[in-house]
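J.: Numbering (my numbering), first residue to last: 2 to 97.
Cβ atoms here follow ideal geometry from the backbone N, Cα and C, with glycine treated the same way.
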């Protein structure tokens, strides 16, 4: 069996005793204020998000125009343009 010898514990015990008697008061002002630093990129991102919130999800002027063209029979669907848009959004490796 081994014993560990701890020397000079009287100073530690004295500090605990002094704190209990309120002779030593902890310094509560040692911590600084909280700070927040926002990057330029984050500011730009937030600006873009706010601008996107201002744009309506559905462009009613375009919907109205297309509805009127369908009613009047003048709506022309260009299949090639539609196919190109589908191709661009799908990110295929090559055109066939």
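Using a Cβ-Cβ cut-off of 6 angstroms (strictly less than) and excluding sequence neighbours within five positions of residue 7, which residues of its own chain qualify?
T.: Result list for residue 7: empty, nothing under 6 angstroms.
J.: The alpha helix (DSSP H) that contains residue 64, what's its start and end?
T.: 61–73
J.: Considering only their Cβ atoms, is the gap separating residue 76 from residue 83 smaller than 9 angstroms?
T.: no
J.: Roughly how many whole angstroms lie between the Cα atoms of residue 54 and residue 44?
T.: Looking at the two C-alpha atoms, the distance is approximately 16 angstroms.
J.: Taking the alpha carbon of residue 79 as the reference point, which residue from 16, 39, 87 has its own alpha carbon closest?
T.: 87
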